[in-house]
């Protein structure tokens, strides 16, 4: 991908990875079930930037791990 298009795709990928990591740690901090789902949702090319606003708007309503369940190790 020559020129501006290649630069734009590279820039989007470079931005998506740290945002996905932040979303993962935020979901984990909130004790959400399956924080990797949100991580991978942000990493999906082109759709990742749609997932971030949805995640931020719904983060208080995420399903939580119950207190009596075993913690998820990853």
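Residue numbers (this note's numbering): 205 to 278.
Glycine included, each C-beta is placed from N, C-alpha and C at the ideal position.
All values reported here derive from a predicted model rather than from experimental measurement.
Rounded C-alpha distance that separates residue i from residue j
i, j, result
"residue 206", "residue 214", "11 Å"
"residue 235", "residue 246", "18 Å"
"residue 269", "residue 260", "19 Å"
"residue 265", "residue 258", "11 Å"
"residue 238", "residue 218", "24 Å"
"residue 222", "residue 256", "12 Å"
"residue 262", "residue 253", "15 Å"
"residue 231", "residue 212", "28 Å"
"residue 240", "residue 228", "6 Å"
"residue 209", "residue 248", "18 Å"
"residue 225", "residue 243", "7 Å"
For residue i, the first and last residue of its enclosing alpha helix (DSSP H)
i, result
"residue 151", "Here the chain covers residues 205 to 278 and nothing more, so residue 151 does not appear."
"residue 239", "239-247"
Per DSSP, the bridge partner or partners of residue i
i, result
"residue 263", "Note: residue 263 sits in no beta bridge, so no partner."
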